[in-house]
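Working notes for the structure below.
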Amino acid sequence: MSEATASRDNGTEPMIEMTGLNKWYGDFHVLRDIDLTVQRGERIVICGPSGSGKSTLIRCINRLEAHQQGGITVGGITMTEDIKRIEQIRRQVGMVFQHFNLFPHLSVLENCCLSQIWVQKKPRHEAEKLAMEYLERVQIAEQAKKYPGQLSGGQQQRVAIARALCMRPEVMLFDEPTSALDPEMIKEVLDVMVELAREGMTMICVTHEMGFAKTVADRVIFMDQGQIIEEAPPETFFNHPRSERTKLFLSQILGH
Ligand SMILES: Nc1ncnc2c1ncn2[C@@H]1O[C@H](COP(=O)(O)OP(=O)(O)OP(=O)(O)O)[C@@H](O)[C@H]1O
Ligand SMILES: [Mg+2]
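Going letter by letter, the sequence shown gives residues 1 to 256 in full-length UniProt numbering.
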């Protein structure tokens, strides 16, 4: 057993722990002293103005971005420069992006099988079976042979969710998964996310869908200028925000 595997305990540790996290892009201090612990099964919504560091923060969790100070532990595995550890962390983390990021030259089914076959070394028939199960769950199984360009945005995003789930992640990160969608397609994607939350998936969602936050989130986190300004259960967050910055933000996004 490798050292990193040995450091995992029996599943009672937090899913994600970030302590004193700081990150710079050159001279620009993008994340400032972030402390955030996410328990297994928790649903977190992150909101905040454009440029406040929301994407950067969640991209640090699976090392799509490197941080310079502080610690990140995912499922008991502490992030280091060691690529094996980073891979162990990435195996636990599924991610869904604003612009779906499907491979345009591969069918829906192939998109969902690729990492299972190449990363997890699964036989194709097993990969396809699991892919079809998840495509069924996001209600798009009948489109499995199509290419992403033949699908609507909402359908593509549901495929992206199914593709991430095929890797059996312990936690799912969503970065504004509905903000590139036409309004009539937002609900079909949110419905899939609500379902996932009900099944107990640990989720961190950057989103300004406040209805989703109210229905699903255990905690809402408000970021501004690279800092966590406020965090609270949705009821408290929306009805009794403490900081002036949160109040201003809420008045802007709830005001229209
Ligand atoms: N690769 C990069 N190099 C330099 N600066 C960057 C880079 N990526 C992001 N930034 C800057 O860091 C800040 C935070 O960006 P980030 O994308 O995390 O914000 P965000 O809260 O997700 O914003 P949005 O709501 O617009 O998606 C912004 O000022 C952005 O311009
Ligand atoms: Mg962003």
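Virtual Cβ for every residue (Gly too), placed ideally from N, Cα, C.
For the 7 Å CB-CB criterion, A217 and R43 form a contact.
Of all alpha-carbon atoms in E128, F97, P148 and E126, the one lying nearest the alpha-carbon of V108 is that of P148. Note: N22 is bridge-paired with Q69 in the DSSP secondary-structure output. A Cβ-Cβ contact shorter than 7 Å links I140 with R158. Separation of S50 and M223 (C-alpha to C-alpha, rounded to the nearest whole angstrom) is 10 Å.
Pairing A127 with N239, the inter-Cα distance amounts to about 46 Å.
Bridge partners of T78 according to DSSP: T73. Rounded to the nearest whole angstrom, the CA to CA distance from T207 to F174 is 8 Å. For K54, the Cβ falls inside the 6 Å cut-off from some heavy atom of ligand 1.
A Cβ-Cβ contact shorter than 7 Å links C205 with V45. Taking T56 as reference, the option from R32, R245 and L114 with the minimal CA-CA separation is R32.
In this structure, the alpha-carbon of R168 lies about 13 Å from that of I89.
Here the alpha carbon of H99 sits roughly 26 Å from the alpha carbon of G26. Per DSSP, Q155 is one residue of the alpha helix (DSSP H) stretching across G153 to L165.
For Q143, DSSP records no beta bridge to any residue.
In the DSSP assignment, D224 is bridged to Q227.
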